[in-house]
Amino acid sequence: MRPDHTEFAQASAPKRTSFLNVSIIASGGAPLYIGPGVTWTTLANSKLSGNTSGTAIYIDAESGRNSIINNVFSIKTRSRELIAIDGSTRNEITGNTFEDPVNGGIFLYRNCGEGGVIRHQRPDFNVIANNKFIYAGDGAKAKPAVWLGSRGGKQKFCFSDPQHPFGSSLSPMDFAQKNTVESNRLVGGNPQLIRSSDQSNIIRNNAAN
Numbered sequence: 138m139r140p141d142h143t144e145f146a147q148a149s150a151p152k153r154t155s156f157l158n159v160s161i162i163a164s165g166g167a168p169l170y171i172g173p174g175v176t177w178t179t180l181a182n183s184k185l186s187g188n189t190s191g192t193a194i195y196i197d198a199e200s201g202r203n204s205i206i207n208n209v210f211s212i213k214t215r216s217r218e219l220i221a222i223d224g225s226t227r228n229e230i231t232g233n234t235f236e237d238p239v240n241g242g243i244f245l246y247r248n249c250g251e252g253g254v255i256r257h258q259r260p261d262f263n264v265i266a267n268n269k270f271i272y273a274g275d276g277a278k279a280k281p282a283v284w285l286g287s288r289g290g291k292q293k294f295c296f297s298d299p300q301h302p303f304g305s306s307l308s309p310m311d312f313a314q315k316n317t318v319e320s321n322r323l324v325g326g327n328p329q330l331i332r333s334s335d336q337s338n339i340i341r342n343n344a345a346n
């Protein structure tokens, strides 16, 4: 594991993959997994339904510049959020509709030490905008629609990665910084459903009704 691991991972991983106008019906794990180092993946104008034991979309470490645009999430999770952004940067999550995301909408964090793997990149410079979160029941009982820094270095496996002076080995914190969350609608929810752990994040023009 080297300090330039992110650059190496992105150079080795798939680029510019698009999923357009597709219907994805989940029946087990995460139906869309964007792996380490993957860049410029797009999911657009599509629908995700069914049931998953994990997340609907998992965007893994060292990846970046992926786009989730104008999709409908009617998929149900067992306990997790719909989209996990784990140590991934400069992604765009815009124009989507999330139907009753009671287990959470979009969570940004950086895993620390899971599987003994150092995560280098921080979940920063992501844009979450113009999405609609529609709650069928009491939105006050739901997990956050957007949570910037959802882990906070509290996982039991923190510091189980190799000891090096970089990445999650140096600090277990999420460092979800300089992200933008704007112009999202929380239908049946409240403003507290958007949570941020860092003052560098831009949170503006979101509406609850």
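So for the sequence shown, this note's numbering puts the first residue at 138; every next one is plus one.
All C-beta atoms, glycine included, are put in the ideal place defined by N, C-alpha and C.
Determine the burial state of residue i: buried for a count of at least 16 other Cβ atoms within 10 Å of its Cβ, exposed for fewer.
i: ALA282; result: buried
i: GLY242; result: buried
i: LEU323; result: buried
i: LEU157; result: exposed
i: ARG341; result: exposed
Measuring only the C-alpha atoms, how far is residue i from residue j?
i: HIS373; j: SER204; result: The chain is shown only over 138 to 346; residue 373 falls outside these bounds and no answer can be derived.
i: GLY201; j: PRO151; result: 11 Å
i: THR234; j: ILE212; result: 11 Å
i: GLY232; j: GLY174; result: 25 Å
i: GLN314; j: ARG153; result: 25 Å
i: LEU285; j: SER225; result: 12 Å
i: GLY325; j: GLY274; result: 8 Å
Sort the options by Cα distance to residue i and report the nearest one.
i: GLU229; options: ASN248, ASP197 and ASN263; result: ASN263
i: ARG332; options: TYR246, SER149 and ALA193; result: TYR246
i: ASP261; options: ARG227, GLU218, GLN336 and GLU236; result: ARG227
i: LEU185; options: PHE210, ILE206, THR192 and GLY166; result: PHE210
i: TRP177; options: ALA148, PHE312, SER287 and GLN314; result: ALA148
i: LYS269; options: SER334, ASN208 and ALA279; result: ASN208
Just to confirm, is the Cβ distance from residue i to residue j under 8 Å?
i: THR189; j: ALA163; result: yes
i: ASN327; j: ALA277; result: yes
i: ASN316; j: ASN343; result: no
i: VAL318; j: ASN338; result: yes
i: ASN240; j: ARG217; result: yes
i: TYR272; j: ASP237; result: yes
Bridge partners for residue i per DSSP, in chain order?
i: GLY286; result: Note: GLY286 sits in no beta bridge, so no partner.
i: GLU218; result: In the DSSP output, where bridge partners are listed per residue, GLU218 has none listed.
i: TYR195; result: TYR170 and ALA221
i: ARG332; result: TRP284
i: ASN267; result: Looking at the DSSP assignment, ASN267 forms no beta bridge with any residue, so it has no partner.
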